[in-house]
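Mapping to the numbering used here: the sequence shown position 356 is 342, numbers consecutive.
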Amino acid sequence: MTNNVFSFFFAWQNLLLLVLCVPNAFAQTGPSVEVDRIVIVESLQSDPLPSGSIKPSADISLKATIPKTESAADVVSQVAGVHIKRFGGLEDATSISIRGSTNAEVNVFLDGVPLDTASADGVGLGQIAATSLSRIEIFKSTSPSELGGSAIGGVINLSSKKAEPGLNQRYGFGFGSFMTYDGLAELSYGGVKNDVVFGFDARRTDGDFMYQDNNGTPLNPADDQEVRRQNSEKQALHPHLNWKHYFNERNEMTLAQHFFRIDAGVSGLGAFQSQTADKSLTEYLGSVAMKSRGHFGDKSALTHKTYYRLIKSQFSDPNAEIGLGRAQDNDNLTVVIGNRHMWQTDFSKKVAVKKGAEHVYERFAPRDFLAADPVGSTSARHQLNFFVEPHLYLFERKVHLSSQGQSLNVFYDINNDDPSLNDSGTFFSNKIENQFAGQMALIYSPFSAWHVKVSAGREVRLPKFVELFGDQGFVLGNPQLSSEKSFKYDIGFEGAKSFAGFVNKITVGVALFENRIDDLIQFEMASGYARASNIGEARIRGAEVMGSLRFFEHLLLTSNYTYQWPEDQSVNAGRFLVGRPRHEVNTRIGFDRKGFSAGVHANYLDAQYLDALNTQRVDDRLVISADAGYLLKQKYRLGFEVKNLTASQVVDAVGFPLPGRSYFARLDLFL
């Protein structure tokens, strides 16, 4: 069945490409590409964007002067208000939070394809190498319609590598602690009619670091001991292709293809380490987009994108060492097909409008080959969403007023007939859900580098398949979940000032935010596993402060602080929500001159609670890291970094220790 599905999609894709490429192509020069660097622009950008564009809260250009062994999760964790929870070492799962949100409330896109659809089995930020990306945009409050759907927590948009003019090659190899290797090969061509990038990156690690084991008795430190992490080896492969073809000055096509294969041992929880449990992920992700300009006026554009994901998630626990209390051999298949159509036009210099529609089909099919009846029933979900996004510019574009309305229409055909679950009753649902989401934002720019923003919105989040049908390891789903609803608002400002003296530039920014959530979905620990449930109401309010100082042209100091008060307002009213630290500080000082660069980064994280009653918590922690690199003749680039310099014994979640001091080196060659 799986092979037939894959064959169908490959055949369908090739047929579609043949049809799209028949028209005669005319010359047009491709877009220019930035030089190698890494830039994080907090809050509102001063650079002009096309009319009808919602600006990201942070815009990250990912061409690092210091080559590192890091994932997309490592990069976004440096942004104010963005918190990453890690469940182990390299290639382990990560959970992302924006302004106190849950991981599921953050919508993540790769080349415009949603990674956070109903299935949560697919690839995540922790498994995508930063070297395969060119840009990351983070939208903390309002987000553009072309990224589809409603986002309670915010949106992260990843863009894969873009071609530079001419023929270019890049090769890289890295080595580090715990027998960690990573490598990449990349070939790109930027021409008149075509821009093409083909890349391949691979990473693997033993993950066998030492950590402090409390022997299952957290209140008795006398029996604590240093042990080595077991069954934690991991490897990941990621070939990818990005091709843009210019038919003429008005029409273009973009093809993006990604393939992921991840194999990993499952270490177990805390003192109860596993010896044989393992999991694997095979995912094919792709999209075809057509853009046409000028058919309904000189300043209009039509865009159609078809995207698809095939996700095969396997989990094996033959000795019942972890999970649901008996041996498991799961083989789950998720299929996602989406079509998004957008129309945008500038009616004048003051008015621009976007509108569009999107259909998404998602299907989940579970299997457990060790169960009496190994094949479970298929669950499916259709979404038919409509949206409109008007923009108004006033007072010589110093005032930008935007709004957005979305009609979300969801059709369920789901059940809990999963062979892995010891459930005496079977639940079916064919419900239809209709929701409305909307946003409004006002940006006032009295000067080119100073901005004030106010925004508010009502957002909706649909349950994910892992929350509805979780059946692997420590996770148990609940097919009777309701969608989350929220009302959020924020207000903030950002400014920058340049100087001629030893201080070259200062940037500052402040933001206040609040998010009120109803029917909050959260995993709560019980009897050795986590079960999803609607816990009621919650309120998250807080503040962000960020700033940077460049002096002597070569030194850059950046720092940001996030404060949040995540309060449960349901049964456990007055207690803190699970997994939300109140304080987080990121500070980095860096130096760059004549190809040499170096820096030190510190991250402080406040204590956070693990259960709804606030009886268990992870203590606060401080992690300091350092890096250095040298670029020789614009051709060779060597980098070295030390993570967790002080070898602190830290965890982000109980039972999932993080590595102590670790070393990594990397060499890149550009041809």
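Each residue gets a CB set at the ideal place from its N, CA and C atoms; glycine is no exception.
Check, Outcome
"Alpha carbon of Leu271 to alpha carbon of Gln211, nearest angstrom", "43 Å"
"Three-state class that DSSP yields for Asn416 in the structure shown", "coil"
"Stretch-stretch touch, CB-based, cutoff 8 Å, three pairs: the segment 494 to 503 with the segment 522 to 534", "yes"
"Cβ contact check for the segment 81 to 91 and the segment 592 to 602: 3 or more pairs under 8 Å", "no"
"Check whether Pro151 and Phe186 have beta carbons under 8 Å apart", "no"
"Straight-line Cα distance separating Gln155 from Tyr232", "22 Å"
"Local Cβ density within 10 Å of His281, reported as buried at 16 or more and exposed below that", "exposed"
"Continuous beta strand (DSSP E) assignments of at least 3 residues falling wholly in the segment 233 to 261", "237 to 251"
"Cβ pair count under 8 Å reaching 3, the segment 128 to 147 against the segment 160 to 170", "no"
"Cβ-based neighbour list, His386, same chain, cut-off 6 Å, excluding 5 preceding and 5 following", "Tyr379 and Ile429"
"Three-pair Cβ contact test at 8 Å for the segment 599 to 607 versus the segment 573 to 580", "no"
"Cβ pair Pro552, Arg566 closer than 8 Å", "yes"
"Separation of Ala116 from Ala176, as counted between CA atoms", "Per the sequence presented here, residue 176 reads as Gly, with Ala not at that position. Cα to Cα, Gly176 sits roughly 21 Å from Ala116."
"Short Cβ contact (8 Å threshold) for Ser469 with Gln421", "yes"
"Nonlocal neighbours in the same chain, by C-beta distance under 6 Å from Arg295, ignoring five residues either side", "Leu271 and Val322"
"Those residues which DSSP pairs with Arg85 across a bridge", "None; Arg85 has no bridge partner."
"Alpha-carbon spacing of Ser441 relative to Ala90, whole angstroms", "22 Å"
"Reduced DSSP category for Val183 - H, G, I as helix; E, B as strand; rest coil", "strand"
"For Asp654, the first and last residue of its enclosing beta strand (DSSP E)", "Ser648 to Phe656"
"Leu543 burial status per 10 Å Cβ neighbour count (16 or more: buried)", "exposed"
"Cα-Cα separation, Ser260 to Arg189", "23 Å"
"Continuous beta strand (DSSP E) assignments of at least 3 residues falling wholly in the segment 336 to 397", "337 to 351 and 365 to 380"
"Short Cβ contact (8 Å threshold) for Leu48 with Ile122", "yes"
"Segment limits, beta strand (DSSP E) that includes Val659", "No answer is possible for residue 659: it lies beyond the span of the chain, which begins at -13 and ends at 657."
"Option in Leu608, Leu448 and Lys71 with minimal Cα separation from Tyr398", "Leu448"
"For Lys220, the nearest candidate out of Leu241, Lys179 and Asp168 (CA to CA)", "Asp168"
"CB contact flag (Gly615, Asn630, <8 Å)", "no"
"Start-end ranges of the beta strand (DSSP E) lying completely within the segment 603 to 644, minimum 3 residues", "607 to 618, 622 to 629 and 637 to 639"
"Nearest neighbour of Lys41, chosen from Ser393, Phe537 and His437 [CA to CA]", "His437"
"Where Gly162 sits in the DSSP three-state scheme", "strand"
"Cβ pair Val628, Arg607 closer than 8 Å", "no"
"Exposure label - Glu235; buried when at least 16 CB within 10 Å", "exposed"
"Per-residue burial, Glu539 [other beta carbons within 10 Å of its own, 16 or more giving buried]", "exposed"
"Contact set for Arg192: own chain, Cβ-Cβ below 6 Å, skip 5 residues either direction", "One detail in the question is off: residue 192 reads as Asp in this sequence, not Arg. These residues qualify, in order along the chain: Phe164, Met165 and Glu219."
"Tyr293 burial status per 10 Å Cβ neighbour count (16 or more: buried)", "buried"
"Reduced DSSP secondary structure (H/G/I, E/B, other) of Pro42", "coil"
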